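Inspection log for the structure reproduced underneath, given as structure tokens.
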Amino acid sequence: MSSLLTGLNEAQFAAVTLPPRPALILAGAGSGKTRVLTTRIAWLIQSGQVTPQGILAVTFTNKAAREMLARVTAMLPLDPRGLWIGTFHGLCNRLLRTHFRDAGLPQLFQILDSGDQLAAIKRLLKMLNVGDDKFPARDVQYFINSQKEAGLRSSAVEAIDEYSRQRVALYAEYEVQCQREGVVDFAELLLRTYELLERNEPLRHHYQARFRHILVDEFQDTNRLQYQWLKCLAGGGDRGAALFCVGDDDQSIYAFRGANVGNMRAFEREFRVETIIRLEQNYRSDGNILQAANAIIRHNRQRLGKNLWTDQADGEPIRIFEAFSDGDEGRWLVEELQSLVGEGFSRQDVAVLYRSNAQSRVLEHQLFSAGIPYRVYGGLRFFERQEIKHALAYLRLLVNPDDDTAFLRVVNFPPRGIGARTIETLQDAARHSGTSLVRAVAAVAGKGGSNLSQFLALLEGLRRQASGLALPDLIARVVSGAGLAMHYQNEREGQERLENLDELVSAAANFAAEAAGRHLGESGQPDLHAELVEFLSHAALEAGDHQADAGADAVQLMTVHAAKGLEFGIVFLTGLEEGLFPHDNSLNGEDGLEEERRLMYVAVTRARRRLYLSLAQSRMLHGQTRYNLRSRFITEVPPQLCKWLTPPRVGARVAEPAFSRYFEPSAASRAVSRPAPTTSVAGRDLGGLRVGQNVSHGRFGVGVIVAAEGSGSDARVQVNFGKQGVKWLALGVAKLEPV
DNA sequence: TTAGCTGGAGTTTTT
DNA sequence: CTCCAGCTAA
137 MSSLLTGLNE
147 AQFAAVTLPP
157 RPALILAGAG
167 SGKTRVLTTR
177 IAWLIQSGQV
187 TPQGILAVTF
197 TNKAAREMLA
207 RVTAMLPLDP
217 RGLWIGTFHG
227 LCNRLLRTHF
237 RDAGLPQLFQ
247 ILDSGDQLAA
257 IKRLLKMLNV
267 GDDKFPARDV
277 QYFINSQKEA
287 GLRSSAVEAI
297 DEYSRQRVAL
307 YAEYEVQCQR
317 EGVVDFAELL
327 LRTYELLERN
337 EPLRHHYQAR
347 FRHILVDEFQ
357 DTNRLQYQWL
367 KCLAGGGDRG
377 AALFCVGDDD
387 QSIYAFRGAN
397 VGNMRAFERE
407 FRVETIIRLE
417 QNYRSDGNIL
427 QAANAIIRHN
437 RQRLGKNLWT
447 DQADGEPIRI
457 FEAFSDGDEG
467 RWLVEELQSL
477 VGEGFSRQDV
487 AVLYRSNAQS
497 RVLEHQLFSA
507 GIPYRVYGGL
517 RFFERQEIKH
527 ALAYLRLLVN
537 PDDDTAFLRV
547 VNFPPRGIGA
557 RTIETLQDAA
567 RHSGTSLVRA
577 VAAVAGKGGS
587 NLSQFLALLE
597 GLRRQASGLA
607 LPDLIARVVS
617 GAGLAMHYQN
627 EREGQERLEN
637 LDELVSAAAN
647 FAAEAAGRHL
657 GESGQPDLHA
667 ELVEFLSHAA
677 LEAGDHQADA
687 GADAVQLMTV
697 HAAKGLEFGI
707 VFLTGLEEGL
717 FPHDNSLNGE
727 DGLEEERRLM
737 YVAVTRARRR
747 LYLSLAQSRM
757 LHGQTRYNLR
767 SRFITEVPPQ
777 LCKWLTPPRV
787 GARVAEPAFS
797 RYFEPSAASR
807 AVSRPAPTTS
817 VAGRDLGGLR
827 VGQNVSHGRF
837 GVGVIVAAEG
847 SGSDARVQVN
857 FGKQGVKWLA
867 LGVAKLEPV
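In structure tokens, the structure reads:
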């Protein structure tokens, strides 16, 4: 037992061994949060306080759940099946599968991912003849999900005006459609489970009695419904479960998708949390990086309060590079990377971060031209690929013919002469008889619906062929039987899709191997239907890797959001410009800015040894060049921690060669040849000013010159003062100081 | 039915 | 600029 606890620092030890009472752990970045969670689970079990069955551990991502399970099982020899460790959605799925009847769901209900959900909503809007101009499908989707995440059914939503009344009506129709088709979306998994437990007292008591310890990871990211769900499962009073919530309010960066940091304060209040433990010792970053992070986050008002420290040395200064243009920034990045690799750093340990995905294009272009291997996170995931979704749709129809989303997806794929006309007729018939599309085929079969009949025959044939096959074989049979394989063979770019379909079969084989024995029917034979349904749920709940070639020794490119939870020896944080980071669209009020700042904090704390901050004075965005101010977040880093690779304050004169701006070029920077900015107004006498330069004005504050005209005493410049607006100023009149 | 065009929009994202 | 959705023409 003591071996479990050795090596923990004081705060970690205290957290791990807390008595079974509601507890809030404020775990700073790199403070050993996962270690505390996993060690506590192991300690609770090993010290005999609880059996594995009595533990429920909840995470947000499958990755986090997998890691937690792996680390717990590494500490204790136990059967992982007894432990309930999973994502909110995964656990809800498990509960709903078990209690489908009480939850009012068909046994083989299927899960809509967000793409499926959007398709279902579009179909609904079309059916109801609702104009897309007034009710864009995306908005309706967002509306429905927000209501569900607030715990509200359509019947409970208050409509204040005609418009909201109509939206609520759409929500109601959507509920009916999903119920008829036997499908649930992501938010529904949560809401349905919550309602199930709320309404079914014996069931609720059963689980409350079972789960004596509930541990929650990334608690700051929970939404209102998830918190309600946790409260319900934990039960109240002295007999309630020990709810152990770990989170970091400073790393709350998902408010835009419903995360409610307020849950931390609410938890503290509602559960009368007596001790809040702060994990403040950071084991990841060198001192300077940590100090920079602390200095930045101190500017936020709404904090529970926490200050990271380390006993490691200060390390290197924060390096800052101010480029002329986005292209310039990219060239510098390439040079710096090349010299780092030359010095023996591993590419895998270097991350290039940016605020928005659009920024990766320029960087990728430069990296590609320079032949530097890189990997971009984000983009299509395995189970989201077109060919995979098609194959899954056939599988879904085998399980549930009433799944209209799946039906529409493949009724004419591969093309079999079933056009929009036919489908419209079919949908009309289905609506009139109040049935699914499949069941309506008979009604239209006479009127040119013979292709439809053939499609039904195809499905029937697949169902026959599939019976008795093991899961991977079944999928292979469906892929070829449905004509997908043939179709992609004939397509020019179909090779990769074929490979992915093969990959789907292997994924199923792996899945079946792991699930072996879990699906024994009454005869003791594997129940393929159940196995297939579970595989389909798995596909919806875990969309798979973003990219396949994960192992390559490549520089890692990703958004700051995607970097949360990761760490790298060296981090390049690019595009630190007002408007980009903090992003314009986030600057609605104090809350928005504070979330941006937390994002900055997350970015900075990803770095272990070395952190670069970079920005560009001009940047091509949406087809035009923009001149942005230096990000306020750079200014929030104490200057004594920084080493500017470019002069921090003095702007270059027009006539001077651009590279004279370097007073301390690094090895890499020296090699860069620097073209003059394309926006230069060379030849024009602007009194030492130039486009792209930061200037300050007595009344408007700091701004950046975005254009110029005239010369000499007539010279005028256009300056972007950010919030103060964009102004034209005559140089003969206005006093502009270079900044 | 599909290719090709046009117009509009353009943070962040897991399940 | 570049991607996408939705529409029109063949």
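Counting from 1, position 23 in the first sequence corresponds to residue 159 in the numbering used here; the numbering is continuous, with no gaps.
Here a beta-carbon is modelled for each residue, glycine too, at the ideal position from N, C-alpha and C.
Nothing here was measured: the structure is a model prediction, and the numbers come from that model.
In this structure, the CA atom of Gln246 is about 21 Å from the CA atom of Ala273. Straight through space, the alpha carbons of Ala165 and Ala649 are spaced by roughly 37 Å. Nearest C-alpha to Glu337 among Val319, Leu677, Phe322, Gly371: Gly371.
For Asn646, there is no enclosing beta strand (DSSP E); the residue is part of the alpha helix (DSSP H) that begins and ends at 630-650. Ranked by Cα distance from Glu726, the first of Leu366, Ser290, Phe380, His435 is His435.
Remark: C-beta atoms of Ala606 and Val615 do not approach each other more closely than 8 Å. Of the other Cβ atoms in all chains shown, fewer than 16 fall within 10 Å of the Cβ of Gln590; this residue is therefore exposed. Three or more Cβ pairs closer than 8 Å define a contact, and the segment 757-768 falls short of that threshold against the segment 463-471. Note on the segment 143-184: whole beta strand (DSSP E) runs with a minimum of 3 residues are 159-163, in chain order. Inter-residue distance for Val488 and Thr741 is about 14 Å (C-alpha atoms, whole angstroms).
Straight-line measurement puts the Cα of Ser290 at about 9 Å from the Cα of Arg303.
When C-alpha distances from Leu592 are compared across Leu534, Gly515, Val691, Ser673, the shortest belongs to Leu534. According to the DSSP secondary-structure assignment, Cys314 is paired through a beta bridge with no residue. Counting C-beta pairs closer than 8 Å gives fewer than three between the segment 517-527 and the segment 485-503, which falls short of the contact rule. Tyr299 counts as exposed, since fewer than 16 other C-beta atoms from the protein chains shown sit within 10 angstroms of its C-beta.
If you check the CB distance, Glu730 and Gln438 come in under 8 Å. The C-beta distance from Gly553 to Arg346 rounds to 55 Å, too long to meet the 8 Å contact threshold. Put simply, of Leu260, Ala431, Val838 the residue whose alpha carbon is nearest the alpha carbon of Glu560 is Leu260. In the DSSP secondary-structure assignment, Asn856 is bridged to Val840, Val862. Sequence-distant Cβ neighbours of Ala429 in its own chain, meaning closer than 6 Å and more than five residues away, are Tyr737, Val740, Thr741. Taking 8 Å as the cut-off, the beta carbon of Val827 is found no closer than this to the beta carbon of Ala851.
Residue Val208 holds the alpha-carbon nearest to the alpha-carbon of Gly218 among Val208, Leu306, Phe708. Tyr624 and Ala666 have their alpha carbons spaced roughly 29 Å apart.
Counting along the chain, Asn198 sits inside no beta strand (DSSP E); it lies in the alpha helix (DSSP H) bounded by residues 198-211.
Assignment of beta-bridge partners to Glu713 by DSSP yields Arg766. With 16 or more other CB atoms across the displayed protein chains lying within 10 angstroms of its CB, Ala323 is buried. When secondary structure is reduced to three states using DSSP, Asp321 falls in the strand class.
The beta carbon of Glu311 lies closer than 8 Å to those of Arg289, Ser290 in the same chain, with the five residues before and after it left out. Separation of the CB atoms of Ser461 and Gln753 is rounded to 7 Å, and the pair is thereby assigned contact status at 8 Å. The continuous alpha helix (DSSP H) containing Glu726 extends over residues 725-740.
Selection Glu632, Val546, Tyr510, Leu154 evaluated against Leu594 yields Val546 as nearest (Cα-Cα). Considered as a whole, the segment 254-298 harbours 273-285 as its complete alpha helix (DSSP H) runs of no fewer than 4 residues, in chain order.
Taken through DSSP and simplified to helix, strand or coil, Tyr363 comes out as helix. Counting along the chain, the unbroken beta strand (DSSP E) around Glu458 starts and ends at 454-461.
By the criterion of a C-beta distance shorter than 6 Å, Asn399 is surrounded in its chain by Thr358, Tyr363, once the five residues flanking it on both sides are discounted.
Secondary structure at Lys779: strand, using DSSP grouped into helix, strand and coil.
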